[in-house]
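What follows is one structure encoded as structure tokens, with my remarks underneath.
2 protein chains.
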Amino acid sequence: MTDLTLADMPDPLTRANRQVVLRSRPDGMLKNDDVEVVDGPMPELGDGQILIRMVYLQMDAAVRSWLDEGEGYLPAVEIGAAVRGGGMGRIIESRHPDYTPGMWCGGGLPGWQDWVVADGDDPFVNAFPPEHDAVFQIAVIASAAATAYFGLTDLGEIKEGDSVLVSAAGGSTGSVAVQAARNLGATVVGIAGSDDKCRWVESIGAEVCLNRRTEDLAARLKEIRPKGFDIYFDNVGGDILDLALRRLAIGARVVIIGAISMYNDKGRPPGPSNYLNLINKQAKMVGFQGMAYVQRYPEAWERMWDWRREEKMDFKVDRKFGLENCVDQLNALFTGANTGKAMVQICDDPGPGPY
Amino acid sequence: MTDLTLADMPDPLTRANRQVVLRSRPDGMLKNDDVEVVDGPMPELGDGQILIRMVYLQMDAAVRSWLDEGEGYLPAVEIGAAVRGGGMGRIIESRHPDYTPGMWCGGGLPGWQDWVVADGDDPFVNAFPPEHDAVFQIAVIASAAATAYFGLTDLGEIKEGDSVLVSAAGGSTGSVAVQAARNLGATVVGIAGSDDKCRWVESIGAEVCLNRRTEDLAARLKEIRPKGFDIYFDNVGGDILDLALRRLAIGARVVIIGAISMYNDKGRPPGPSNYLNLINKQAKMVGFQGMAYVQRYPEAWERMWDWRREEKMDFKVDRKFGLENCVDQLNALFTGANTGKAMVQICDDPGPGPY
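Quick mapping for you: the protein sequence lines, in order, are chains A and V.
Our numbering runs 1184 ahead of the 1-based position in the first sequence.
Our numbering runs 1184 ahead of the 1-based position in the second sequence.
This is the structure in structure tokens:
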């Protein structure tokens, strides 16, 4: 991690577009050698478009998956292109009637670069008033909200009184899932990677959170919930998924949102060998694909903002500065080095304008 | 396989109860050394009970799973007890008003023995008129009907025009699933273990059936259904499940009814490493547990009898004679040696009486 601070960041209004471009497909974790920070072309604004100065880049596990060739839900990032990823910036110029300078804007998946031009009519482009809480937007709304909410409601079929298990509960998605499950009337058990994370997870609504590095998870889960879990919200895969498959209640739902433990593996990762327990427990394992919920995202967002106002939705961010730190900050997701939502701030917020 | 014929079978009305009892827990496939054919006690008939002379024993993969210690949906068969299993026999005596001698009766899970006493009020005991087709009952109704029907309808959410893939399609459950899927308006692709089985599967409703021993399944499935399958009806697990997980259509349902390829494995079998494709395809994997459908079994049975009358439900049986052949006939399910429903006939049908 390079030790940059806000003071090292370029002036936000300088029209120069630095980009982190992909040079080679990563083998395992993304390495700094796989990318290059270059002075890219400044994008040109056309009719119906908006020009955005990116301020915050959000680090999501999915970013890693987009770097591999394969059958993902989006095409692989091309060699030479800026790494794809979500973020928030300020609209600096607009040639679209719905947008005005000073608004916060996500710009679809703007990627790891300073400046982006987006089509105002692109359904993935959402703008917000200048006073919008862009950090909550990054940390909760734009990354975890739909996954946690629809994962629990639509796929998890959550009911009051359900017993829910959440892995990576101190992570950005897990921590939102813990709180959403609690807010929806369930009791929650978390699994996280450090005592600090566990205590935080307990402070935001888990009845108990187990440290996967120090606790005998199999024994403790059985002890805490002898009848098993109605929902297992999985974003780690691997051994913990296998273990959870042995602790299902009758009729349980296993919601698979990803497998952090596998994103960097080459070849075929091992599958969950206890999947046959789905038969014994009349259970199902359901894959959550955010793209299927695009039309309904606002429903999840509204609930999250409501919960935020009611002080029932806490969050943490792990913020580093400068495009040079994107790779390390992405990798933190997989090593568990970060606490809360990992993000990179690439310039000072230029404020609401005028510019 | 011992070469016994119907002529070698004991007189059905002799009151002597031979049993195949478990002597040791099998390591891998059940071996003849793990069991012993003994002269067991003749069961005594009490009030409200019926005495059944077993005629046909049906071989189901689940029988093997009941021999292991573990967390199954039924307790493990005890050492010294008759091996548990389904079958059909004639009621020879009745002390329950709903049953009369001459009726066919399943007697719950009577196990591998000549004579059984059952409680007339036991909900798992079903009797049928003397002229009932006991072999169709064994081959389709009592073994595959509920699994195929509810697996496709309730769990598979089958719709007209769906594309369905069935593995072990020449087996007893698979062949019923192929026909049920076709009868419910889907197009069906089968996978089976020999050319003979494949041709039969095609004759009963699959558009095409692939020989897993000679065909490049990955390539052929992609070629036959480029858009993937809406339903995969799995009763083999292992490599074929993994392969099918790569050929799912958006929103697909993978119905897991068992894993013949794993029943005889000790330790943790490998899980399906392509399970993460459930995310990309917004798909789910659902475990079928027959016990959950007991109250609704008649719904499946009625459909099967209707289809039988309409000549839209064919079946095959692989019949051997004598309790001495139970072990080999059970193992045939796992080696693929049988074609159609494996059963053992242990005496001549004593007919409808009077006895």
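Every residue, glycine too, gets a C-beta built ideally from N, C-alpha and C.
- Tell me whether G1354 of chain V is buried or exposed, calling it buried when 16 or more other Cβ atoms sit within 10 Å of its Cβ. buried
- Does the beta carbon of V1470 of chain V come closer than 7 Å to any beta carbon on chain A? yes
- Query: Quick one: what does DSSP say C1510 of chain V is sitting in, helix, strand or coil?
  - Reply: helix
- Message: Please classify A1403 of chain A as buried or exposed, where buried requires at least 16 neighbouring CB atoms within 10 angstroms.
- Response: exposed
- Item | Neighbour list for K1465 of chain A in chain V, Cβ cutoff strictly below 8 Å | G1471 and Q1473
- Query: Relative to the C-alpha of V1324 of chain V, which residue among V:V1362, V:E1391 and V:T1337 is closest?
  - Reply: Of V:V1362, V:E1391 and V:T1337, the residue nearest in Cα terms is V:V1362.
- Would you please state the rounded distance, in angstroms, between the beta carbons of Y1540 of chain A and M1497 of chain A? I believe it to be under 8 Å. Residue 1540 of chain A is absent from the structure shown; chain A starts at 1185 and stops at 1539.
- Item | Start-to-end residues for the beta strand (DSSP E) that takes in R1237 of chain V | Q1233 to Q1242
- Task: Measure the Cβ-Cβ separation of V1350 of chain A and L1514 of chain A and say whether it is below 7 Å.
- Result: Cβ atoms of V1350 of chain A and L1514 of chain A: not closer than 7 Å.
- Query: How about F1413 of chain V and S1347 of chain V: do their beta carbons lie closer than 7 Å?
  - Reply: yes
- Query: So with Cβ pairs under 7 Å, would you call Y1481 of chain A a contact of chain V?
  - Reply: no
- Item | For T1371 of chain V, the residue or residues it bridges with in DSSP | V:S1347
- Task: Give the interface partners of P1454 of chain A over in chain V, defined as CB-CB distance under 7 Å, in chain order.
- Result: P1454, G1455 and S1457, listed in chain order.
- Message: Determine, for I1440 of chain V, whether the minimum Cβ-Cβ distance to residues of chain A falls below 7 Å.
- Response: yes
- Message: Rounded to the nearest angstrom, what separates D1418 of chain V and L1339 of chain A at their Cα positions?
- Response: 22 Å
- Looking at the structure shown, is F1472 of chain V part of a helix, part of a strand, or coil, going by DSSP? The answer is coil: DSSP assigns F1472 of chain V none of H, G, I, E or B.
- Query: Roughly how many angstroms lie between the CA atoms of V1204 of chain V and D1317 of chain V, to the nearest whole one?
  - Reply: Going by the C-alpha atoms only, they are around 26 Å apart.
- Message: Give me the chain A residues within the contact set of L1462 of chain V, using Cβ-Cβ distance strictly less than 8 Å, ordered along the chain.
- Response: Residues of chain A with a Cβ closer than 8 Å to the Cβ of L1462 of chain V are, in chain order, I1440, M1469, V1470 and G1471.
- Closest by C-alpha distance to D1223 of chain V, when choosing among V:T1519, V:G1524, V:L1507 and V:R1409: V:L1507
- Do I1236 of chain A and V1300 of chain A have their C-beta atoms closer together than 7 Å? yes
- Name, in chain order, the residues that DSSP records as bridge partners for I1415 of chain V. V:V1348 and V:R1437
- Item | Buried or exposed (CB count within 10 angstroms, at least 16 for buried), S1387 of chain A | With fewer than 16 other Cβ atoms inside 10 Å of its own Cβ, S1387 of chain A counts as exposed.
- Query: Between V1420 of chain V and M1469 of chain V, which are expected to be in contact by the criterion C-beta below 8 Å, what is the C-beta distance as a whole number of angstroms?
  - Reply: Their Cβ separation, rounded to whole angstroms, is 14 Å, which puts V1420 of chain V and M1469 of chain V out of contact at 8 Å.
- Check the Cβ of Y1257 of chain V against every Cβ in chain A and list those closer than 7 Å, keeping chain order. N1464
- Query: For A1266 of chain V versus Q1297 of chain V, is the C-beta spacing smaller than 7 Å?
  - Reply: yes
- In whole angstroms, what is the alpha-carbon distance linking P1210 of chain A and A1245 of chain A? 14 Å
- Measuring CA to CA, which of V:D1490, V:I1463, V:A1433 and V:A1330 is closest to A1484 of chain V? With distances taken between Cα atoms, A1484 of chain V lies closest to V:A1330.
- Task: Hey, could you find the ends of the alpha helix (DSSP H) R1279 of chain V is sitting in?
- Result: Here R1279 of chain V belongs to no alpha helix (DSSP H), and DSSP marks it neither H nor E.
- Task: Run down chain A in chain order and give the residues with a C-beta less than 9 Å from the C-beta of A1476 of chain V.
- Result: Chain A residues near A1476 of chain V: I1434, G1435 and Q1466.
- Query: The alpha helix (DSSP H) spanning V1420 of chain A covers which residue range?
  - Reply: Where V1420 of chain A is concerned, there is no enclosing alpha helix (DSSP H), given that its DSSP letter is neither H nor E.
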